[in-house]
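Before any comments, here is the structure.
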Amino acid sequence: MTSPQNGTDITVRASAQRLDADDPLAWLLDEFVVADPNLIYLDGNSLGRLPKRTLARLAEVAEQEWGAGLIRSWHDWIGEPQRVGDLLGADLLGAAAGQVLVCDNTTTNLYKLAAAALDDVLARAADRRLVVTDRGNFPTDRYVLEGLAAQRGLRLRLLDLDPLAPITPAVLEPVLDDRLALLSLSLVDYRSAALADMAGIERAVAPTGAHLVWDLSHAVGAIPVELDAAGASLAVGCTYKYVNGGPGAPAFLYVRRDLQERLRQPIWGWFGQQAQFGMGDDYDPVPGIGQNATGTPPVLGVAAVAAGAGLLAEAGMAALRDKSVGLTELLVALHDAWLVDLGFELASPRDVAARGSHVSLAHPEAYRISQALIAAGVIPDFRGPDRLRLGVAPATTSYTQVWDAMDRLRSIVAGGAHLELSAARADVT
Ligand SMILES: *Cc1c(COP(=O)(O)O)cnc(C)c1O
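Counted the way our numbering counts, the sequence shown spans residues 19 to 447.
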């Protein structure tokens, strides 16, 4: 078994160690808190690791800005959601300044932008009745769209797409007409990691007059995103996954500049108001991206997003993508070498160009296998009914960790260790 990466036998551990020795991003691993050096963490796509600099920054914000500065610190804090939004835009999202805001969570931001988009479309064409997403989209996305459709008497259509194939204009063809009001898609499928063709889909949707909202939660920090170049108009996403902003870190939203005056998001809060501290009678939002703010931002969370994004910016998205490609290629090669005979099946695109930074493996015993892996010091996650999802965040995962995790996975299943565990499922998987 040879690897496309270096022509050596990848089933030998030393070849993974060699990849680490040659890794230009190896320095990044030391930038994160590693409480247990023996733990292999393959869940950075659900909750990223803690950067050391974030600890220092949070202590500084808490002690100096909050503890000493008290309310005087709002002078600086008030501009942070836009400033950090610009950082995300420049370094991770391919968006020029003034189009990205850090605020709320992804669910709320999707609601805000999808509602604004629907109001805009329906004001021009009240006969458009269709809201579309794919059945495999992340649950909160489907629920938000279901709720919006119900509130407006529209129909939500869930497309049954091949989860292993990239989403292209061709597969959306049946809904791209003048019945469509809103289409919402994830750029990277949360289960299979299949990538959607953002620029192609934007070009195909534009002539229909419908709006398109992207969810970038499993993409940002894992693959280079080029919102401006792709002609995207609306997007949302998480910062606690690959951006390493921490549990509950505020999300972001993107509204293309030329749409900012036209779209009006539905939560009219005082943080979007002109002369906010004038406490005026009527809502009169600021021009620009700031009108998408609602209430008081989580200042500590915003600071953690800035620290996490700054670290990725130093590494550079192109280098992070190269490493991610190397990691998922190694994982897939080891799957092919070791796991196929043990009942596994690759449940992610085989073509690396069509894949994000996690790999899903299907196995009928995936749940018990995931529990046995955790007991063996490897944290994957389980996504029902039969998926083991292995996230290989490029900033925090080494090639040797991928090799060791796959080796332990092989031993567990070959030896039947998982069969001794209960099949009863925990609440959080
Ligand atoms: C993780 C994730 C979310 C989570 O939304 P929250 O509001 O932060 O809970 C939403 N959408 C996608 C595609 C995700 O991967």
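Here a beta-carbon is modelled for each residue, glycine too, at the ideal position from N, C-alpha and C.
Is any heavy atom in ligand 1 found nearer than 7 angstroms to the beta carbon of residue i?
i, result
"Lys130", "no"
"Thr125", "yes"
"Thr158", "yes"
"Asp532", "With the chain represented from 19 up to 447, any question about residue 532 goes unanswered, as that position is not in the structure."
"Ser366", "no"
"Ala18", "This structure gives no information on residue 18, because the portion of the chain shown stretches from 19 to 447."
"Tyr301", "no"
"Asp233", "yes"
"Tyr208", "yes"
"Ala423", "no"
"Ser204", "yes"
"Ala411", "no"
"Cys256", "yes"
"His376", "no"
"Ala269", "yes"
Closer than 7 angstroms by C-beta to residue i: which residues in its own chain qualify, once you throw out the five before and the five after it? Chain order, please.
i, result
"Gln117", "Gly107, Tyr272, Val273, Arg274, Arg275, Ile307"
"Thr125", "Thr158, Val162"
"Trp84", "Ser91"
"Ala441", "Tyr385, Arg386"
"Pro398", "Leu60, Asp61, Ser388, Leu391, Leu406, Arg407, Leu408"
"Leu439", "Arg386, Gln389, Ala390"
"Tyr301", "Trp286, Gln291"
"Leu47", "Thr414, Ser416"
"Leu111", "Val118, Val238, Val243, Leu245, Tyr272"
In chain order, what residues of the same chain have a beta carbon less than 8 angstroms from the beta carbon of residue i, not counting five sequence neighbours either side?
i, result
"Ala80", "Leu318"
"Arg31", "Thr418, Trp421, Asp422, Asp425"
"Val343", "Val370"
"Leu105", "Ala324, Ala327, Gly328, Ala331"
Alpha helix (DSSP H) containing residue i: first to last residue?
i, result
"His93", "92–95"
"Asp159", "157–170"
"Leu245", "245–248"
"Val51", "Careful: Val51 lies outside any alpha helix (DSSP H) and carries neither H nor E."
"Ala336", "335–352"
"Tyr385", "384–393"
"Pro360", "Here the sequence assigns Leu to residue 360, which means Pro is not the residue at that position. Where Leu360 is concerned, there is no enclosing alpha helix (DSSP H), given that its DSSP letter is neither H nor E."
"Ser33", "31–39"
Note the first and the last residue of the continuous beta strand (DSSP E) segment covering residue i.
i, result
"Thr151", "148–152"
"Ser378", "376–380"
"Ala253", "252–255"
Suppose the cutoff is 6 angstroms on Cβ atoms and the five residues either side in sequence are ignored; what does the same chain contact list for residue i look like?
i, result
"Asn155", "Ser204"
"Gln419", "Ile58"
"Leu338", "Pro412"
"Asp152", "Leu177, Leu179"
"Arg428", "Trp356"
"Arg75", "Ala321, Ala325"
For chain D, find out if any of its Cβ atoms is closer than 8 angstroms to the Cβ of residue i; answer yes or no.
i, result
"Leu194", "In the structure shown, chain D cannot be found, because there is only a single protein chain."
Would you mind giving the Cβ-Cβ distance between residue i and residue j, rounded to the nearest angstrom? I have them listed as a contact below 8 angstroms.
i, j, result
"Arg146", "Asp196", "7 angstroms"
"Arg373", "Ala211", "5 angstroms"
"Leu182", "Pro367", "6 angstroms"
"Pro265", "Pro315", "The pair is not a contact, with the Cβ atoms about 16 angstroms apart (cut-off 8 angstroms)."
"Gly249", "Glu220", "4 angstroms"
"Leu360", "Val377", "Not quite, the Cβ-Cβ distance comes to about 16 angstroms (not below 8 angstroms), so this is no contact."
| What are the uninterrupted segments assigned as beta strand (DSSP E) that are 3 or more residues long and contained completely in the segment 117–150, given in chain order? | 118–121
| request: Pick out the complete alpha helix (DSSP H) segments inside the segment 158–237, 4 residues or longer, and give them in chain order. | output: 187–190, 216–223
| What are the start and end residues of each continuous beta strand (DSSP E) run of 3 or more residues lying completely inside the segment 261–327, in chain order? | 269–273
| said: To test your reading of the DSSP string, which unbroken alpha helix (DSSP H) runs of 4 or more residues are found completely within the segment 397–440? | reply: 417–433
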